[in-house]
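Report on the following structure.
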Amino acid sequence: MSITPEERLDVSMTINGRRYRATVEARRTLADFLREDAQLPGTKLGCEHGVCGACTVLLDDLPARACLTLAVQAEGRQIRTVESLADGQELNPLQRAFREQHGLQCGFCTAGFLMTATALLEENPTPTREDIVETVSGSLCRCTGYQTIVSAIEQAAAEGQTDTEGENQ
Amino acid sequence: MKPPKFRYVAPRTLDDAIEHLASDPDAKVLSGGQSLMPLLAMRLAAPSILVDLQHVPGLDGIEDQGTSVLIGARVTHREIERSSVIAERLPILSSAVVHIAHPQIRSRGTFGGSTAHADPSGEWPTILLAVGATMHAVGPRGRRTIGADDFFVGPFTSTLAEDEILTHVSVPTTRTAWSFQEAAVKKGDYGLALVAATGTPRDGVLLDPRVTVGAAVGSVRRLAEVERLLAEAPLTEAVADEAAVTAAASIDPISDIHGNSEYRRKLVASLVRRAVRELTNGA
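Chains V and H, in that order, give the protein sequences. Going by the numbering used here, 220 is the number at position 142 of the first sequence; the sequence numbering is gapless. Going by the numbering used here, 283 is the number at position 246 of the second sequence; the sequence numbering is gapless.
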């Protein structure tokens, strides 16, 4: 195998049910792939070294920090981003709960919280408040003080409706 | 915060992975990447080639082998967290895994990656040293096993050669008295102090006790004086207090923005006391 430092690699993955293909540098993060190559800017980049959780997406249905994953590592995988949640202008129950409970102010961290909560509710549809706190502890929010985010996820769980659209695509 | 340039290969066999790793002195293994990627983002590491192990077969699985459990290097923290074999045979791992960062990290980070990274504040290095685990490695010169005492030799430093790959860790299940203690500013943060203690209880005493400390000191290490104390005495409340004093006197803790040396010394003393109390319950 001949490899050079300038090497660019073909990578393809399924994002929100659609196939994406691009030729990227090996050092391209999944987060940059989503935002720049797939033109899906809903995933936000905060710290870019795995601390803030803003870039959390679902990689084969598990929450993962897109800044700590290389695009080439996601070759052939299924990715879900915040863009998979709403149906057009119609928010899904979790997103609605965030709006109703004031689970966001500036919104920068919200995509990460939504995807983390989506994974939680898919695995455990009836989490305790403690389960929710534990799960979202990997994301930073500087606006809300977290209580409203936890309440939003509680509300979505109580409504018993998580968005499973992404799975069916 | 973008990684520097590197080449990337995703070999499909262990032999190919070793060949790539041996092809360049600055080649590095990429497993879950949850420690390596931040190092790359902060430009603290500049590997020439990353050898991604995700498609290499045979590095996964958690296998109960009776007196030990064989854990594949690519097993994620999340898989440890949800494994019934681990919960039943190695509850010390189950108790510690929830301290490892957050769900988004635990779904990607791997047991072997954290072990080979030998972070002084790593839960797995602290525990693997306390249970006397055996590392299985393979390289251009063949396969070999390395005992935990000979594996962790310094901060971020193991005796794994640059061209060797950690494939499995064999964790003994015979140390049925155990305790893992961690103090962190908040759950999921890097610990300020970690203590693990294990032994085999017999007739009210602890055979072959092993006590380790992580995070508070420069690299994970055993507390030999505490181990001697526990080996010689029945595990009473007085011995727990004495173990705490002994531990505090036998370490030279680090100081940083999160806690100075004296604070960490007190933390370690408290954690050792709690650990010995738990051992008493186990024995």
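Built from N, CA and C at the ideal position, the CB exists for glycine as well.
| request: Let me know the secondary structure DSSP gives H/L96 once reduced to three states. | output: Counting from 1 along the second sequence, the entry for residue 96 of chain H is found at position 59. Here H/L96 sits in coil by DSSP.
| query | Applying a beta-carbon distance threshold of less than 7 Å, which residues of chain V neighbour H/K224? | reply | Walking along the second sequence from the start, residue 224 of chain H turns up at place 187. Residues of chain V passing the Cβ test: S215.
| query | Taking the continuous alpha helix (DSSP H) assigned at H/A286, which residues delimit it? | reply | As a first step, residue 286 of chain H must be located in the second sequence, where it is residue number 249. Segment 274 to 286, the alpha helix (DSSP H) holding H/A286.
| query | Exposed or buried, V/L192, counting other C-beta atoms within 10 Å across all chains shown (16 or more means buried)? | reply | One-based indexing of the first sequence puts residue 192 of chain V at position 114. When all chains shown are included, V/L192 counts as buried.
| query | What's the call for H/R301, buried or exposed, on a 16-neighbour Cβ count within 10 Å? | reply | Taking the first residue of the second sequence as position 1, residue 301 of chain H is located at position 264. Under this definition H/R301 is a buried residue.
| request: Would you check if there are 3 or more beta carbon pairs closer than 8 Å linking the stretch 87 to 95 of chain H to the stretch 114 to 130 of chain H? | output: no
| Residue range of the alpha helix (DSSP H) that H/F188 falls in? | If you number the second sequence from 1, residue 188 of chain H lands on position 151. H/F188 -> alpha helix (DSSP H) spans 185 to 188.
| field | Pick from V/T159, V/H180, V/V228 that is closest to V/V214, judged by C-alpha positions | value | Along the first sequence, read from residue 1 onward, the residue named residue 214 of chain V stands at position 136. Answer by Cα proximity: V/V228.
| Using a beta-carbon distance below 7 Å, is H/P40 in contact with chain V? | One-based indexing of the second sequence puts residue 40 of chain H at position 3. For H/P40, the answer is yes, since a Cβ of chain V falls inside 7 Å of its Cβ.
| query | Would you say V/V150 faces chain H, with C-beta separation under 7 Å as the test? | reply | If you number the first sequence from 1, residue 150 of chain V lands on position 72. Chain H, which has a Cβ nearer than 7 Å to the Cβ of V/V150, makes this yes.
| said: Taking 7 Å as the threshold (beta carbon to beta carbon), is H/Q338 in contact with chain V? | reply: Because residue 338 of chain H is not part of the residues shown, which for chain H are 38 to 320, the question remains open.
| said: Taking only three categories from DSSP, how would you classify H/P271? | reply: Translated into the one-based positions of the second sequence, residue 271 of chain H becomes position 234. Three-state result, H/P271: coil.
| request: Return the CA-CA distance between H/E264 and H/L130, expressed in angstroms with no decimal places. | output: Residue numbering aside, residue 264 of chain H sits at position 227 when the second sequence is read from its first letter. Residue numbering aside, residue 130 of chain H sits at position 93 when the second sequence is read from its first letter. Spanning the two alpha carbons is a distance of roughly 21 Å.
| query | Taking 7 Å as the CB-CB cut-off, is V/H180 touching chain H? | reply | For this step, residue 180 of chain V is matched to residue 102 along the first sequence. Closer than 7 Å: no.
| Do you know offhand how far V/P119's Cα is from V/N94's? | Your numbering for residue 119 of chain V matches position 41 in the first sequence. Your numbering for residue 94 of chain V matches position 16 in the first sequence. Computed Cα separation, rounded: 13 Å.
| Which residues DSSP lists as bridging H/N296, in chain order | In the second sequence, counting from the first residue as 1, residue 296 of chain H sits at position 259. A small correction: the amino acid at residue 296 of chain H is Gly; Asn does not occupy that position in the sequence shown. Looking at the DSSP assignment, H/G296 forms a beta bridge with H/D293.
| request: Just the C-alpha distance for H/A286 and V/C145, rounded to the nearest angstrom, thanks. | output: By one-based count along the second sequence, residue 286 of chain H stands at place 249. By one-based count along the first sequence, residue 145 of chain V stands at place 67. Distance between the alpha carbons of H/A286 and V/C145 is about 42 Å.
| Taking all protein chains shown into account, do 16 or more other C-beta atoms lie within 10 angstroms of the C-beta of H/L81, making it buried, or fewer, making it exposed? | For this step, residue 81 of chain H is matched to residue 44 along the second sequence. So H/L81 counts as exposed.
| Contact under 7 Å by Cβ, V/G190 with V/G128 | By one-based count along the first sequence, residue 190 of chain V stands at place 112. By one-based count along the first sequence, residue 128 of chain V stands at place 50. Not closer than 7 Å, so no.
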